Amino acid sequence: MSRAEVDLQTSVKKACNADEVPPKRKHVRACIVYTWDHKNSRAFWNAVKIQPLQSNEVQLFKALIMIHKVLQEGHPNTLKDGYRNRDFIASLATVFPSHGSAYGRLINQYDKYILQKLDFHRNNPGFNGTFEYEEYISLRAVNDPNEGYEALLNLMDLQDSINDLQKLIFATINQSHSNLCKVSALVPLIAESYGIYKFCISMLRAMYQQLGEDDALSGLVERFDSQHFMLRDFYTDCHAIKFLTSLITIPRLPNSAPNLKVTDDGQPISRPRSVSTTDTNNNNNNTNNTTPQLSSQPTSQFEQPPVAPAIDQLNPTQLELQRQQQLQQQQEQQRLFEQQQRDQERRFMEEQQALQMQQTQQQHIGRVSELEHDLLMFKNQYDNDQQLLQQYDSRVKSLENEMSALNSTATQQIASKDEQIKNLEDQIANWTKKYESLAKLYSQLRQEHLNLLAKFKKIQQKISSAQESIMKKEKLEKDLKAKNVELADLIRERDRARLDLDRLKANKDQEIEKLQAEVRELTLTQQESGKLQSLNLSSIMTKHQSELDKLKNQLAERELKLTNLGDSEQLQSKLRDTEMELQITNESLDNALAELHRTKEDQDDIINAQIDHILLANVEKFKNLIDIFLENSVKRVLDTKHELVSPVQAGNLNASPEYVLSIIELCSDTATEFATIFNSFIAEDRNEDESSFSDIILSTSSLTSSINDLTLNAKGMTKNIVGGDNFEEKIYQLVSQILDETIGFFQNLKSEN
Numbered sequence: 005m006s007r008a009e010v011d012l013q014t015s016v017k018k019a020c021n022a023d024e025v026p027p028k029r030k031h032v033r034a035c036i037v038y039t040w041d042h043k044n045s046r047a048f049w050n051a052v053k054i055q056p057l058q059s060n061e062v063q064l065f066k067a068l069i070m071i072h073k074v075l076q077e078g079h080p081n082t083l084k085d086g087y088r089n090r091d092f093i094a095s096l097a098t099v100f101p102s103h104g105s106a107y108g109r110l111i112n113q114y115d116k117y118i119l120q121k122l123d124f125h126r127n128n129p130g131f132n133g134t135f136e137y138e139e140y141i142s143l144r145a146v147n148d149p150n151e152g153y154e155a156l157l158n159l160m161d162l163q164d165s166i167n168d169l170q171k172l173i174f175a176t177i178n179q180s181h182s183n184l185c186k187v188s189a190l191v192p193l194i195a196e197s198y199g200i201y202k203f204c205i206s207m208l209r210a211m212y213q214q215l216g217e218d219d220a221l222s223g224l225v226e227r228f229d230s231q232h233f234m235l236r237d238f239y240t241d242c243h244a245i246k247f248l249t250s251l252i253t254i255p256r257l258p259n260s261a262p263n264l265k266v267t268d269d270g271q272p273i274s275r276p277r278s279v280s281t282t283d284t285n286n287n288n289n290n291t292n293n294t295t296p297q298l299s300s301q302p303t304s305q306f307e308q309p310p311v312a313p314a315i316d317q318l319n320p321t322q323l324e325l326q327r328q329q330q331l332q333q334q335q336e337q338q339r340l341f342e343q344q345q346r347d348q349e350r351r352f353m354e355e356q357q358a359l360q361m362q363q364t365q366q367q368h369i370g371r372v373s374e375l376e377h378d379l380l381m382f383k384n385q386y387d388n389d390q391q392l393l394q395q396y397d398s399r400v401k402s403l404e405n406e407m408s409a410l411n412s413t414a415t416q417q418i419a420s421k422d423e424q425i426k427n428l429e430d431q432i433a434n435w436t437k438k439y440e441s442l443a444k445l446y447s448q449l450r451q452e453h454l455n456l457l458a459k460f461k462k463i464q465q466k467i468s469s470a471q472e473s474i475m476k477k478e479k480l481e482k483d484l485k486a487k488n489v490e491l492a493d494l495i496r497e498r499d500r501a502r503l504d505l506d507r508l509k510a511n512k513d514q515e516i517e518k519l520q521a522e523v524r525e526l527t528l529t530q531q532e533s534g535k536l537q538s539l540n541l542s543s544i545m546t547k548h549q550s551e552l553d554k555l556k557n558q559l560a561e562r563e564l565k566l567t568n569l570g571d572s573e574q575l576q577s578k579l580r581d582t583e584m585e586l587q588i589t590n591e592s593l594d595n596a597l598a599e600l601h602r603t604k605e606d607q608d609d610i611i612n613a614q615i616d617h618i619l620l621a622n623v624e625k626f627k628n629l630i631d632i633f634l635e636n637s638v639k640r641v642l643d644t645k646h647e648l649v650s651p652v653q654a655g656n657l658n659a660s661p662e663y664v665l666s667i668i669e670l671c672s673d674t675a676t677e678f679a680t681i682f683n684s685f686i687a688e689d690r691n692e693d694e695s696s697f698s699d700i701i702l703s704t705s706s707l708t709s710s711i712n713d714l715t716l717n718a719k720g721m722t723k724n725i726v727g728g729d730n731f732e733e734k735i736y737q738l739v740s741q742i743l744d745e746t747i748g749f750f751q752n753l754k755s756e757n
């Protein structure tokens, strides 16, 4: 494949891309230049066939536009190659359904027109792609009227197909926003329709010059006149599209159809005239040969003279007289003939002048109507421009008003934002103080934790009696360490913001479950140790029983031997010794069992004491923690009371009475919930339930925050509402009374009270 063919394929691919934009002129021009350089278009058709035209309807439509332009402006052999690929072009119409989208109908109609154009060029090879009349005449001269008549009929059929296609394009343009791709298909249609229009004018004038006023031409003239008005409307619609006017020069047709009986210069077309003359005698043959041909109408008025008598019957005098009479008659006929010819030429010139004046007048009338149409169009455009200017002025004024309103709103927002920033800075300072107090609290809790660790070490030293107790102690120590770590994490989390308290509740529930699991594990371990001791005791009893049985067997054997020997006294003494040893062994076994039982009871007491001590310490710690949170809530309420009378804190300036009322209801609900939780904690003996401690802490924090919000919003409300001189003082007194009652409420709930 040569470099030129590669470039051609690239140009075809770019011209037929999937973007819904017109094919670029440079890509189509490259295809046209290739056909002129290589005198054929086989590579062009091969490049079109390898494109994925079946995948996208936009690509296929752009390919038809490109094919149409190449057939118009390409080498003449392109038309022949196009007819060879007629089946391929016909198959493109069946790719997408014609009853579906707008592109489907356009592709079907456009494909039919291209096939009709190829068939016309196949039957009329003298025409080029743009139907130029001069080039057609230079190739061939048509003397047969029938051939010219048939060519005109085919051209007018093509013109009707162009009309149908352009109407379909204009009908589908308004159905979508991407119209330039469809509008670009009008460019080759404008050039082709105007070429057919000019060719029809020239061909009809030539046929009129050849045939004269023939009835066969009347049908063609009427059809040409209707197509003239159709093209005038088509070009007028195209003038309204700026995209088309920027690409090509759109012709302007007059309001009336052109006169086919005169030339473009206004000169009448000379028609042939047949004259039938009769020779009077052999002497006027030269005169008749030199005169122009005339119609048979003027010469039909003259009749042949009567036949002269025979010469032998006349005398010389009569013969001479007769000759003179004939000469006079011939001269008179010649004079009358010349007079009629001059009259006929004068009438013909008058008719031509009148026809020329009429045509000039019609042209002037058409020009005046065209100028009136342009003037009306410009006037409408001026009115539209004035309306647009008024709309723009009103729009500018509205935008200026919006800008001023936005500026004032922005100024107010900036002022409120500055006030909010100051409030936030004050809140940050208060939170800093609160966090410092919480840090001190954490250090105290850490010291208590270290003290607990020291006590735990002392307890650890006391429970080192047996290996099983040591293992239990180590396991308990690990659990206590894990619990202490979790407790420290819990304390740190509780020292954080109010939102982390929900997470703290979940962690406490998990820790309670772990402690319960540890208690269950200790109980199981204790039961397992009891089972092991019972097994050891049973094994010892079995061992002693086996030894006792063995001794009894030995005693029986010895008695048999003694009976055999006959020394009964010695045997009895040995028997008593053996019974003494057996008694001593039983006593030692009983002592061992009693000692083992005492050891087991002491070990259980130690473990239970350790567990009770740990639980009591945790309960006491939680109570202290509740006291700390109550004290912290008291401090927060005191800070809120300070902000109530502080001029730095302006409160929520956007608060309304309805919003303050909703906050009061929220405070009431929160206080009721807190009282319910605390009463259930005291009355239902839930002092060891860790979830109750978390609920008390959360409800305390929520109540304090609600009181703080009530104070700030009530203070901001007094700035916005005008209620008299004592209104602000009354609100401050009521809020201060609420804060004092809240402080007393928290202080009375401490464990020391």
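Position 676 (the sequence shown) corresponds to 680 in this note's numbering; numbering is contiguous.
We put the beta carbon where it would ideally sit given N, CA and C, even for glycine.
The structure displayed is predicted, hence computed values, not measured ones.
Exposure of residue i, with buried meaning 16 or more beta-carbon neighbours within 10 Å
i           : result
residue 130 : exposed
residue 121 : buried
residue 352 : exposed
residue 77  : buried
residue 731 : exposed
residue 328 : exposed
residue 641 : buried
residue 56  : exposed
residue 381 : exposed
residue 377 : exposed
residue 674 : buried
residue 211 : buried
residue 49  : buried
residue 336 : exposed
residue 223 : exposed
residue 252 : exposed
C-alpha distance - residue i paired with residue j, whole-angstrom precision
i           : j           : result
residue 232 : residue 399 : 45 Å
residue 711 : residue 522 : 41 Å
residue 424 : residue 714 : 17 Å
residue 242 : residue 409 : 46 Å
residue 68  : residue 74  : 10 Å
residue 479 : residue 550 : 39 Å
residue 787 : residue 430 : The structure shown does not extend to residue 787, since the chain is modelled only from 5 to 757, so the question has no answer here.
residue 155 : residue 103 : 33 Å
residue 588 : residue 594 : 10 Å
residue 442 : residue 406 : 51 Å
residue 371 : residue 114 : 35 Å
residue 245 : residue 190 : 11 Å
residue 20  : residue 391 : 42 Å
residue 97  : residue 117 : 11 Å
residue 628 : residue 531 : 35 Å
residue 418 : residue 411 : 10 Å
residue 524 : residue 662 : 55 Å
residue 649 : residue 704 : 24 Å
residue 682 : residue 746 : 15 Å
residue 46  : residue 133 : 17 Å
residue 71  : residue 153 : 29 Å
residue 659 : residue 670 : 15 Å
Integer-rounded CB distance, given that residue j should sit under 8 Å from residue i
i           : j           : result
residue 678 : residue 707 : 5 Å
residue 632 : residue 697 : That belief does not hold up - the Cβ atoms of residue 632 and residue 697 are roughly 12 Å apart, past 8 Å.
residue 157 : residue 209 : At roughly 17 Å, the Cβ-Cβ gap does not stay under 8 Å, so residue 157 and residue 209 are not in contact.
- Item | Touching by the beta-carbon criterion (3+ pairs, under 8 Å), the region 169-188 and the region 12-21 | In short, these stretches do not touch, since the Cβ pair count stays below three.
- Message: Does the region 712-722 come into contact with the region 730-748, if we say contact requires no fewer than three beta-carbon pairs (one atom in each stretch) closer than 8 Å?
- Response: The region 712-722 vs the region 730-748: in contact.
- Message: Count Cβ pairs between the region 225-232 and the region 184-193 that sit closer than 8 Å; are there 3 or more?
- Response: At 8 Å Cβ cutoff, the stretches do not touch.
- Query: Taking only runs of the alpha helix (DSSP H) that begin and end inside the region 626-695, which ones reach a length of at least 4 residues, in chain order?
  - Reply: Taking 4 residues as the minimum length, the alpha helix (DSSP H) runs contained wholly in the region 626-695 are 661-687, in order along the chain.
- Message: Count Cβ pairs between the region 646-656 and the region 746-753 that sit closer than 8 Å; are there 3 or more?
- Response: Contact annotation: the region 646-656 does not touch the region 746-753, with fewer than three C-beta pairs closer than 8 Å.
- Query: Contact between the region 93-107 and the region 157-165: three or more CB pairs below 8 Å?
  - Reply: Taking 8 Å as the limit for Cβ pairs, the verdict is that the region 157-165 does not touch the region 93-107.
- Message: What ranges does the alpha helix (DSSP H) occupy inside the region 29-100, keeping only unbroken runs of at least 4 residues that lie completely in it?
- Response: Within the region 29-100, the runs of alpha helix (DSSP H) at least 4 residues long that lie entirely inside it are, in chain order, 29-42, 46-53, 61-77, 81-88, 90-96.
- Contiguous alpha helix (DSSP H) assignments of at least 4 residues, all confined to the region 232-265: Segments of the alpha helix (DSSP H) lying fully in the region 232-265: 246-251.
- Entirely within the region 326-390 and at least 4 residues each: give me those alpha helix (DSSP H) ranges in chain order. If you keep only unbroken alpha helix (DSSP H) runs of at least 4 residues inside the region 326-390, you get nothing at all.
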